[in-house]
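Numbering (my numbering), first residue to last: 115 to 339.
Each remark here refers to the structure printed beneath this line.
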């Protein structure tokens, strides 16, 4: 029955709920492609990057380390750059700066994910609602036409079920992508936390920490080379 129908014919058969589901589908696929690109750009060889930062700091090239962070895309580099900018104010200032930067980067990483989750959870219900309306319409037509047989009702119900299928078709990719992206964001969050901790360990060594919790590294103190 539906095999020979075009997309637009199926859309018309499904009723106005199909239009809503079409919009939901377009929005979800836009978010999927946009977030995939964003996370790909933010991907970083964490071990290699941290080795470069540590090497620069161990040779007291703090400015060069900051430049490297600014040139490197991604949330980890942004967090470390915030810590380096406030390192001369002490460990507490550097830690707080990185915590603020991490929170900001986390907001950016989670951008639009709530919309994707909403599409994934709401679409099946929109499709089901369209199906219920279609079934009501089919039985109303049967009640108004005593000559209509079971075939007519079955045809109406089959058309109504298009909305349910469309709802599932819209929801499944959105749910899969959402769960995948949440795992990516969690990984980025972990990388930001561990990198910030590593940076503090490099900048504020144990000997310097003995001078006070907010001690400034020797190579960052005014008047030192």
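Don't be surprised by glycine CBs; every beta carbon is placed ideally from N, CA and C.
Expressed to the nearest angstrom, what Euclidean distance is found between the alpha-carbon atoms of residue i and residue j?
{"i": "residue 177", "j": "residue 184", "result": "11 Å"}
{"i": "residue 274", "j": "residue 221", "result": "40 Å"}
{"i": "residue 281", "j": "residue 196", "result": "44 Å"}
{"i": "residue 323", "j": "residue 150", "result": "Low confidence applies here, because residue 323 scores a pLDDT of 45, under 50, leaving its location unreliable and the question unanswered by this model."}
{"i": "residue 338", "j": "residue 172", "result": "Because residue 338 carries a pLDDT of 44, less than 50, the predicted location of this residue cannot be relied on, and the following value inherits that uncertainty. Cα to Cα, the separation comes out at about 15 Å."}
{"i": "residue 246", "j": "residue 137", "result": "20 Å"}
{"i": "residue 152", "j": "residue 226", "result": "12 Å"}
{"i": "residue 213", "j": "residue 244", "result": "47 Å"}
{"i": "residue 294", "j": "residue 254", "result": "44 Å"}
{"i": "residue 201", "j": "residue 169", "result": "17 Å"}
{"i": "residue 142", "j": "residue 157", "result": "22 Å"}
{"i": "residue 186", "j": "residue 166", "result": "12 Å"}
{"i": "residue 272", "j": "residue 232", "result": "27 Å"}
{"i": "residue 290", "j": "residue 304", "result": "22 Å"}
{"i": "residue 252", "j": "residue 276", "result": "14 Å"}
Evaluate residue i with the Cβ neighbour count: other Cβ atoms within 10 Å of its Cβ, from every protein chain shown; 16 or more gives buried, anything less gives exposed.
{"i": "residue 352", "result": "Nothing about residue 352 can be read from this structure; the chain reaches only from 115 to 339."}
{"i": "residue 133", "result": "exposed"}
{"i": "residue 129", "result": "buried"}
{"i": "residue 162", "result": "exposed"}
{"i": "residue 286", "result": "exposed"}
{"i": "residue 144", "result": "exposed"}
{"i": "residue 238", "result": "buried"}
{"i": "residue 308", "result": "exposed"}
{"i": "residue 140", "result": "exposed"}
{"i": "residue 228", "result": "exposed"}
{"i": "residue 209", "result": "buried"}
{"i": "residue 131", "result": "buried"}
{"i": "residue 192", "result": "buried"}
{"i": "residue 341", "result": "Residue 341 lies beyond the residue range present for the chain, which begins at 115 and ends at 339; the question has no answer from this structure."}
{"i": "residue 250", "result": "exposed"}
{"i": "residue 257", "result": "exposed"}
DSSP three-state call for residue i: helix, strand or coil?
{"i": "residue 158", "result": "coil"}
{"i": "residue 203", "result": "helix"}
{"i": "residue 173", "result": "coil"}
{"i": "residue 226", "result": "coil"}
{"i": "residue 186", "result": "coil"}
{"i": "residue 234", "result": "helix"}
{"i": "residue 318", "result": "coil"}
{"i": "residue 129", "result": "coil"}
Check the C-beta distance from residue i over to residue j and give it rounded, since I have them as a contact under 8 Å.
{"i": "residue 278", "j": "residue 242", "result": "6 Å"}
{"i": "residue 310", "j": "residue 216", "result": "7 Å"}
{"i": "residue 248", "j": "residue 270", "result": "7 Å"}
{"i": "residue 189", "j": "residue 223", "result": "6 Å"}
{"i": "residue 314", "j": "residue 211", "result": "Actually they do not touch by this definition, with Cβ atoms about 11 Å apart."}
{"i": "residue 292", "j": "residue 230", "result": "5 Å"}
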